[in-house]
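Novice: Counting from 1, position 135 in the sequence shown corresponds to residue 132 in this note's numbering; the numbering is continuous, with no gaps.
Yeah, the Cβ is synthetic: ideal placement off N, Cα and C, and Gly gets one too.
Computed from a predicted model, the values in this text were never measured in an experiment.
One structure coming up, written as structure tokens, with questions to follow.
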Amino acid sequence: MSEITREPSRFGIAVAAGFGLLAVAATGIVVPTGAAAAGIGLVVLLVGLALPSQRLITNGAGIVLLGVLYAGYTGAPAAPLLVAALTGVLAWDAASNAVSVGEQLGKESSTFRGEVVHVASSFLAGTVAVAVGYAVYLAAAGGQPMAAVFLLVVGAVALVNALR
């Protein structure tokens, strides 16, 4: 009987790194200094994957999102920031899942299908939330506050249902 290698899955590492790079790139398109902060967060997240440390992964994702928030504070357009925020959260989710799967099943187990389903469902739920959030932004910018409130409620309900 061989010992189980309790390390994150390779697929999860690749997906987390890809989403993290997209978050940094989407932030960098509009505010390079925000991308620098997001890049530091991505490095911390990747170190968390290398060590496997949920705390470092969470802190790294938080720093990525701080870079996105800084970009928003400087007046960057909403669309790239929503993409950056979504991909930053997806990087955290994929990294956290990779560590959990590695701890529970080991690196040698075939977890590809389960991880693909997890990433796809997270992507779909996040995309719906971002689309609803962007619709609220557009409605509020157009001077239609009732529509904004309605869409905000619909978005909150959709998010709660997606997370159940």
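(1) Using three-state DSSP, classify T71 as helix, strand or coil.
(2) Less than 8 Å between the CB atoms is what I'm expecting for T24 and V65, so what's the real figure, rounded?
(3) Which residue marks the beginning of the alpha helix (DSSP H) containing L46, and which one marks its end?
(4) Using the C-alpha atoms, what's the distance from A22 back to A81?
(5) Is A58 closer than 8 Å to A88 when the C-beta atoms are compared?
(6) Grab me the residues of Y70's own chain with a C-beta within less than 8 Å of its C-beta, minus the 5 sequence neighbours each way, in chain order.
(7) As a quick exercise: from L62, N56 and R110, pick the residue whose alpha carbon is nearest that of G9.
(8) For P171, count the other beta carbons within 10 Å of its own beta carbon; 16 or more makes it buried, fewer makes it exposed. Which is it?
(9) In whole angstroms, what is the alpha-carbon distance linking G103 and A13?
(10) Relative to the alpha-carbon of A137, which residue among A75, I60 and G99 has its alpha-carbon at the smallest distance?
(11) Leaving out five residues on either side along the sequence, give the residues of the same chain with a beta carbon under 8 Å from the beta carbon of R52.
(12) Less than 8 Å between the beta carbons of V96 and I54, yes or no?
(13) Run through DSSP, which three-state label would I1 get?
(14) Note down, in chain order, each residue of its chain lying with its Cβ closer than 8 Å to the Cβ of R7, except the 5 sequence neighbours on either side.
(15) Is the CB-CB distance between A126 and L156 below 8 Å?
(16) Excluding the five sequence neighbours on either side, which residues of its own chain have a C-beta within less than 6 Å of the C-beta of H115, listed in chain order?
(17) Rounded to whole angstroms, what's the CA-CA distance from L39 to E0? Just pull it up for me.
Specialist: So, to answer that:
(1) Counting from one through the sequence shown, the residue named residue 71 turns up at place 74. In the three-state scheme derived from DSSP, where H, G and I count as helix and E and B as strand, T71 is classed as coil.
(2) Residue 24 sits at position 27 when you count from the first residue of the sequence shown. Residue 65 sits at position 68 when you count from the first residue of the sequence shown. About 5 Å; that satisfies the 8 Å criterion.
(3) Locating residue 46 in the sequence shown gives position 49, counting from the first residue. Note, L46: alpha helix (DSSP H), P29 to A47.
(4) Taking the sequence shown and counting its residues from 1, the one referred to as residue 81 is at position 84. Taking the sequence shown and counting its residues from 1, the one referred to as residue 22 is at position 25. Taking the straight line joining both Cα atoms gives about 8 Å.
(5) In the sequence shown, residue 88 corresponds to position 91, counting from 1. In the sequence shown, residue 58 corresponds to position 61, counting from 1. Result yes, Cβ atoms of A88 and A58 sit closer than 8 Å.
(6) For the purposes of this step, residue 70 is taken as the residue at position 73 of the sequence shown. Closer than 8 Å at Cβ, skipping near neighbours: no residue.
(7) Position 12 of the sequence shown, counting from 1, holds the residue named residue 9. G9 has its Cα closest to that of R110, out of L62, N56 and R110.
(8) A question about residue 171 goes unanswered here, because the residues of the chain that appear run from -2 up to 161.
(9) As a working note, residue 103 is residue 106 in the sequence shown. As a working note, residue 13 is residue 16 in the sequence shown. If you draw a straight line from the Cα of G103 to the Cα of A13, it comes to about 18 Å.
(10) Residue 137 sits at position 140 when you count from the first residue of the sequence shown. Among A75, I60 and G99, the Cα nearest to that of A137 is on A75.
(11) Reading the sequence shown from its first residue, position 55 is the one you call residue 52. Result list for R52: G45, in chain order.
(12) Numbered from its first residue, the sequence shown carries residue 96 at position 99. Numbered from its first residue, the sequence shown carries residue 54 at position 57. Yes, they are a contact pair.
(13) In the sequence shown, residue 1 corresponds to position 4, counting from 1. Reduced to three states, the DSSP call for I1 is coil.
(14) For this step, residue 7 is matched to residue 10 along the sequence shown. For R7, where only same-chain residues beyond five positions count, the Cβ hits under 8 Å are K104.
(15) In the sequence shown, residue 126 corresponds to position 129, counting from 1. In the sequence shown, residue 156 corresponds to position 159, counting from 1. Here A126 is near L156, since their CB atoms are less than 8 Å apart.
(16) The residue labelled residue 115 in the question sits at position 118 within the sequence shown. Excluding sequence neighbours, H115 sits near N94.
(17) Within the sequence shown, numbered from 1, the residue matching residue 39 stands at position 42. Within the sequence shown, numbered from 1, the residue matching residue 0 stands at position 3. Taking the straight line from one Cα to the other gives about 31 Å.
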